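Structure, as C-alpha cells:
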Amino acid sequence: MHGLGELEAAVMDVLWRTSEPVKVREVMDRLDTGKQLAYTTVMTVLDNLHRKGWVVRELHGKAYQYEPAMSRAEAASAALREVLDSSGDPEAVLLHFARSASDRETELLRKALPRKPRRK
Amino acid sequence: MTVAVALLLGAGLVAWLAPVHLKRLTASGSHPRVVLVAWLSSIASVVTTSGLAVTALLTPDHGAHAFANFPQCFDTLLHGSPPQVEALSGVVGVLLLAGLLVRLAVMGTRTVRRRARARAEHLAVLRLAARQEPGSPATLWLDHEEPLAFSLPGCPGVVVATEGLTRKLAGDQVDAVLVHERAHLRGRHHLLVTAADTLSAMLPFLPLFRQTPTAVRELVELAADAVAVRVCGAASVRAALTAVTSGGAPGSALAMSRDAVEARLAHLRHADQHAGRARTAVSCGVAGLTTMVLPPFVAVSGLLALVTVSCA
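Shown next, in the form of C-alpha cells:
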C-alpha cells in the first residue's frame, strides 16, 4: 500500500528523470510502484502537485502536459532551507551532525553577540 | 518544619551546584550516557525531594518516632514552628508542586504536538525532493552540494543527508555520519531534547533546569559520536566532523555548534578508552543512584549536624 506522500515522490521522480513535458498516460507507464495504478489516481496526484506548486502544466490539445516546476537540486535546496530555517527557532528539534555557518548566519551572530552575551 | 526546610535546602543546593560538577564530569571524558543519566536523575531527585519536603510538612510527627531515643530538644528542633504554620505551608507547598507538575504536563504535550506537526510538514517536503534509500531507518538523499546530515524523529524516524556528503567525504566518514544520525533515532535523543526544553521552561531560575537544554544537546551529540566510534573508529568520526564543519564557504566561522564541535573533538580523544557496554551500564546505575540520594543525604546530614550542635 502506498501512502499519498510516497506516490507524489514517485511521480516527481518520474518527472525529474524525463527531459520533456509528459502526459498523465506517460507518467503512468513510467511509474515503477510495483502495481498498475488507475489513470485517475495518477491524475489526482499530478493535480495535487500542481496545486502545491511542484509541477507546471500546459494544455496540448485535450490533455495537459506536465513538467517539474524546478530541478531536483533546486527542490532539495528549497526543502533544506525550509527545514533548517525553522530549526533556528528553539521550538524545532533537529539533530544535525554538525553545521557550518553561512556568511549570513555568521553576520547575524556577530550582530547578536554584543547585545546578548551567552549564558554560561 | 525544620525537616522540610532541610530537604528543600538539600534540593536547592543540588539544583544550584550540580551543573558545575556534571560539566566537569563531561570534560573529564566520562561516557556521555553516564553523565546524561546523572543529569536527568538529578532533576528527578530535586523534584522528588521537594515533594518529600512538602509531605514532611503535612505529616504531624514527621516520622519522628524513628528518632524516639533522641533527647526532648530534638522534638522542638524538628518542628521549630507551631503546627498551624506547618500545615498551612504544607498546603501551599502541595498546591505549588501540583501546579508545577500540571504546567509541565500541559506544556509538554503542547510542545510535543507542535513539534510533531512541524516535523510532518518537513517530512512531506523532504520526501518529495529526495531519493529515498529504504532501510530502518530510511535515508533521504538530497541533491545538494553542501555536506549536511540530520535526523528527524517519528514513527519511523528518517536520516536526511545530502549528496554533497558523499562527494566531499570518504566512504568510512560518510558511514560514521550515518551511524551517528541513526544513533540519535535509536536512542530517542529528540525526545530527550524536547523533555529538556520543557523542564527548563518550567523552572528557568534554577541553574540545573536552565542549563539542561544546552547540556542535553551536547551530551546526545557525544553519545551518538560514541556509537559511531564503536562502529567506525575514532579516526573516521574525527575526520568526518572536521570535514563537515570546515566545508562551508571559505573563511566562514562555525556558528551555533562551534563550542559543541570543539567539545566533541576533545572528547574523541577519550573515546577509544571507553569501557565496555556492561561497565557503562553499571556506571549509569551508580550515577543514577548517587544523584537520586544526594539531596536527601545532604538534608539528613545537615539535620544531624544541627542536632549534634544544639542537643549535645
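These protein sequence lines map, in sequence, to chains A and B. Anchor point for the first sequence: position 114 equals 115 in the working numbering, and the numbering is continuous, going up by one each time. Anchor point for the second sequence: position 221 equals 243 in the working numbering, and the numbering is continuous, going up by one each time. Glycine included, C-beta positions come from ideal geometry on N, C-alpha and C. Just so we're clear, the structure is a prediction, and the values are computed from it rather than from any experiment.
- When the beta-carbon positions are compared, residue 65 of chain A and residue 73 of chain A stay at least 8 angstroms from each other.
- Interface residue (Cβ-Cβ distance to chain B less than 8 angstroms): residue 44 of chain A is not classified as such.
- For residue 119 of chain B, there are no C-beta contacts with chain A under 8 angstroms, since the nearest C-beta of that chain is about 26 angstroms from it.
- Going by DSSP, residue 174 of chain B is part of the beta strand (DSSP E) stretching over 171-174.
- Listed as beta-bridge partners of residue 24 of chain A by DSSP are A:66.
- Counting C-beta pairs closer than 8 angstroms gives fewer than three between the segment 121-140 of chain B and the segment 149-165 of chain B, which falls short of the contact rule.
- For residue 151 of chain B, the nearest beta carbon of chain A is closer than 8 angstroms to its own beta carbon.
- DSSP, read as helix, strand or coil, puts residue 210 of chain B in coil.
- Ranked by how close their Cα comes to the Cα of residue 287 of chain B, the residues B:259, B:63, B:314 and B:75 have B:259 in first place.
- With contacts defined as CB atoms closer than 8 angstroms, residue 171 of chain B and residue 182 of chain B qualify as a contacting pair.
- About 5 angstroms separates the CB atoms of residue 250 of chain B and residue 201 of chain B; that is less than 8 angstroms, so the two are in contact.
- The beta carbon of residue 23 of chain A does not come within 8 angstroms of any beta carbon belonging to chain B, so the residue lies off that interface.
- Under the 8 angstroms criterion on CB atoms, residue 195 of chain B is classed as non-interfacial with respect to chain A.
- Across the set B:167, B:128 and B:206, the C-alpha of B:167 shows the shortest separation from the C-alpha of residue 188 of chain B.
- Where residue 81 of chain B is concerned, there is no enclosing beta strand (DSSP E), because DSSP gives it neither an H nor an E.
- Inter-segment contact for the segment 52-59 of chain B and the segment 233-246 of chain B is present: three or more beta-carbon pairs are separated by less than 8 angstroms.
- Just so you know, the alpha carbons of residue 117 of chain B and residue 319 of chain B end up roughly 25 angstroms apart.
- Among the residues of chain B, none has a CB under 8 angstroms from the CB of residue 20 of chain A; the nearest is roughly 16 angstroms distant.
- Under the 8 angstroms Cβ criterion, the segment 68-84 of chain A does not count as touching the segment 24-40 of chain A, having fewer than three qualifying pairs.
- Residue 37 of chain B and residue 229 of chain B have their C-alpha atoms roughly 6 angstroms apart.
- For residue 154 of chain B, the beta-bridge partners assigned by DSSP are B:162.
- According to the DSSP assignment, residue 262 of chain B belongs to no beta strand (DSSP E) but to the alpha helix (DSSP H) extending over 256-267.
- When secondary structure is reduced to three states using DSSP, residue 7 of chain A falls in the helix class.
- Interface with chain A (8 angstroms Cβ-Cβ cutoff): residue 106 of chain B is excluded.
- Secondary-structure assignment with DSSP links residue 331 of chain B through no beta bridge to anything.
- For residue 37 of chain B, the enclosing alpha helix (DSSP H) has its first and last residue at 24-49.
- The alpha-carbon of residue 143 of chain B is positioned some 10 angstroms away from that of residue 149 of chain B.
- Here residue 200 of chain B carries a helix assignment [DSSP, helix/strand/coil].
- Close CB contacts of residue 122 of chain B within its chain, under the 8 angstroms cut and outside five residues either way in sequence, are with 224 and 225 (chain order).
- In the structure shown, residue 19 of chain A adopts coil according to DSSP, grouped into three states.
- Residue 326 of chain B sits in a helix when the DSSP states are folded into three classes.
- Residue nearest to residue 178 of chain B within the set B:185, B:321 and B:208 is B:208 (criterion: CA-CA distance).
- Residue environment: residue 43 of chain B is assigned as exposed (fewer than 16 neighbouring CB atoms within 10 Å of its CB, all protein chains considered).
- Secondary-structure assignment with DSSP links residue 31 of chain A through no beta bridge to anything.
- By the rule that beta-carbons nearer than 8 angstroms mark a contact, residue 13 of chain A touches chain B.
- Put simply, the CB of residue 31 of chain A is far from chain B, with every gap to its CB atoms at 8 angstroms or more.
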